[in-house]
Each structure stands twice: as structure tokens, then as C-alpha cells.
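Sequential numbering of the sequence shown, starting at 8, is according to this note's numbering.
The beta-carbon is built from N, C-alpha and C at its ideal position, and this holds for glycine as well.
Following: one structure in C-alpha cells, then a few remarks.
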Amino acid sequence: MSDLADAIAARYRGPTTRGFVRGKLKRDPVVPALLALPPFGVVLDLGCGRGQLGLALLLAGHATTVTGLDLDAGKIERATAAAGELPARFAIADLASAPLPTCDTALVIDVLVQMAPAAQDALLARLVAAAPRRIIIRAFDPDRGWRSAVGLAVDRLRRRLGGDLGLAGTVAPRPIAVLRAPLDAAGYAVSVTPCWAGTPLPNVLLVAERP
Numbered sequence: 008m009s010d011l012a013d014a015i016a017a018r019y020r021g022p023t024t025r026g027f028v029r030g031k032l033k034r035d036p037v038v039p040a041l042l043a044l045p046p047f048g049v050v051l052d053l054g055c056g057r058g059q060l061g062l063a064l065l066l067a068g069h070a071t072t073v074t075g076l077d078l079d080a081g082k083i084e085r086a087t088a089a090a091g092e093l094p095a096r097f098a099i100a101d102l103a104s105a106p107l108p109t110c111d112t113a114l115v116i117d118v119l120v121q122m123a124p125a126a127q128d129a130l131l132a133r134l135v136a137a138a139p140r141r142i143i144i145r146a147f148d149p150d151r152g153w154r155s156a157v158g159l160a161v162d163r164l165r166r167r168l169g170g171d172l173g174l175a176g177t178v179a180p181r182p183i184a185v186l187r188a189p190l191d192a193a194g195y196a197v198s199v200t201p202c203w204a205g206t207p208l209p210n211v212l213l214v215a216e217r218p
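Structure (C-alpha cells):
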């Protein structure tokens with residue numbers, strides 16, 4: 008994992024961005040969790056940020072192509088520059104309304120908690136309608152006791168420090184049963200597992216697959 012993180016970080020310009028990307032890939036438990044799953048094929052990464060996760064999947068041979076969408080133009084610019092010759096495309100998009108390209112696997116990592124409940128429901132409905140083979144969501148579980156309290160404090164502090172949308176941003180965790188309901192109703196087989204290894208956060212990974 009360390010070699011992969013270093014190789015991807017080297018693709019980015021500037022020591023600050025390279026340090027962020029390297030640290031994120033080395034310490035974020037979602038990376039080994041995703042690489043432990045069967046290959047993803049054509050990937051749609053919603054809320055892709057700087058694109059490091061999609062590039063990791065490509066370089067690890069876990070994805071054939073990646074399309075990343077994010078509202079932050081600066082992050083999309085960095086992702087595009089880092090992708091270089093890799094089969095990855097990154098575009099500015101508002102996930103509340105943007106069309107969803109066809110894919111085999113849709114990733115929704117740490118996105119829903121940043122959207123208002125109605126927007127979460129709308130995005131999940133559009134994902135289900137797009138009918139990818141697999142939908143993978145990392146979600147903030149509000150029912151994990153002290154972990155949930157720590158997670159809320161961290162997210163609110165990030166807003167105050169200007170992270171993502173700053174004070175204009177949303178912190179709206181919802182019960183996991185609510186998030187998985189449309190996936191269950193659409194016939195996906197859904198598993199929910201902790202995704203917080205090495206952190207005090209309440210993140211869980213929902214993996215929804217077509218039978």
C-alpha cells in the first residue's frame with residue numbers, strides 16, 4: 008500500500024497536495040477495504056475530490072476506467088493533471104442534479120453526510136435507477152455511540168476551518184437503515200461492515216450488489 012500511495016502522490020503537483028494524497032491513501036481504511044473486493048470494472052466516483060482513490064484503483068488493476076465527479080473545480084483540476092495518460096476522466100458536477108454516466112461500480116465515499124436529506128434521497132434514487140452492478144457507499148453511522156459524537160465534532164470543526172463548503176456545508180448523518188432502504192427495495196444484496204480501522208470515526212461501508 009505504501010508503494011502505491013507514493014506512486015500516486017508523485018503524480019500531483021505541489022508538496023501540500025502530494026502530502027495530502029500520500030497520507031490519505033496510506034491511512035484511510037477505505038482503500039484496503041475496496042481493494043479487498045472483486046474488481047470494479049468501469050467506475051463512477053461520485054464526490055471524487057482530488058481523484059486519488061480512482062487513480063489507486065486504476066494503478067492497482069482494480070478498475071478499467073474511472074469517471075470522477077465533484078463540485079470543487081480546484082480539486083477536479085488537480086485530479087485531471089494527476090491522471091495524465093491513465094484512463095480516467097474528471098469533471099465538475101453538482102451531484103444533486105448531474106447525469107450519472109453508465110458504470111459497473113458506483114462509489115459514494117463520504118458524500119451523503121455532506122448533503123441535505125432530500126438531496127441524499129434524490130441521489131440514491133438516481134443511482135438505483137442507473138442500475139450499476141455494484142454500489143459502494145461509505146456512510147457516517149449516527150448510531151455508533153461515542154464514535155458518532157467524535158465524528159460530528161470533527162465534521163463541524165472542518166466546516167469552521169473552511170473544509171469543503173465551509174460553514175455553508177451540511178452535516179446530515181442519517182440511520183443506515185434509511186440509506187440502505189432504496190437499495191434493498193431495488194433488489195440489491197446489501198452488506199454493512201465497519202470502515203473505521205485505526206480511526207475514532209463512525210464510518211461504515213455499504214456494499215450493494217446485483218444478485
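Can the beta-carbon of residue i be found less than 8 Å from the beta-carbon of residue j?
i	j	result
Pro-108	Thr-74	yes
Asp-101	Leu-134	no
Ala-80	Ala-103	no
Pro-36	Gly-158	no
Lys-33	Ala-12	yes
Arg-217	Tyr-195	yes
Asp-162	Val-185	no
Thr-24	Arg-85	yes
Reducing DSSP to helix, strand and coil, say where residue i ends up.
i	result
Pro-201	strand
Leu-78	coil
Val-72	Looking at the sequence shown, residue 72 is not Val but Thr. Three-state result, Thr-72: strand.
Gly-91	coil
Thr-206	coil
Asp-111	coil
Leu-254	Residue 254 lies beyond the residue range present for the chain, which begins at 8 and ends at 218; the question has no answer from this structure.
Gly-26	helix
Gly-58	coil
Arg-96	strand
Leu-212	strand
Gly-158	helix
Arg-141	strand
Ala-16	helix
Ala-43	coil
Ala-105	coil
Ala-123	coil
Ala-67	coil
Ala-179	coil
Ala-129	helix
Ala-188	helix
Near residue i, which residues of its chain fall below 6 Å by C-beta distance, leaving aside the five closest residues on each side in sequence?
i	result
Arg-96	Thr-74
Ser-155	Pro-149 and Pro-209
Ala-18	The sequence given here has Arg at residue 18, not Ala. Answer for Arg-18: Ala-89, listed in chain order.
Arg-140	Asp-111 and Arg-217
Leu-93	Leu-65
Hey, residue i and residue j are a contact pair by Cβ (cut 8 Å); roughly how many whole angstroms apart?
i	j	result
Val-120	Phe-147	4 Å
Val-50	Ala-70	4 Å
Pro-189	Leu-130	About 10 Å separates the two Cβ atoms, so there is no contact after all.
Leaving out five residues before and five after residue i in sequence, what residues of the same chain have Cβ atoms less than 8 Å from its Cβ?
i	result
Ile-143	Leu-41, Leu-44, Thr-112, Ala-113, Leu-114, Val-115, Ile-116, Leu-212, Leu-213, Val-214 and Ala-215
Ile-183	Ala-146, Asp-148, Asp-150, Val-199, Val-211 and Leu-213
Pro-124	Ala-179 and Arg-181
Can you give me the Cβ contacts of residue i inside the same chain, cut-off strictly under 7 Å, excluding the 5 residues immediately before and after it?
i	result
Val-28	Ile-15, Ala-16, Tyr-19, Arg-57 and Gln-59
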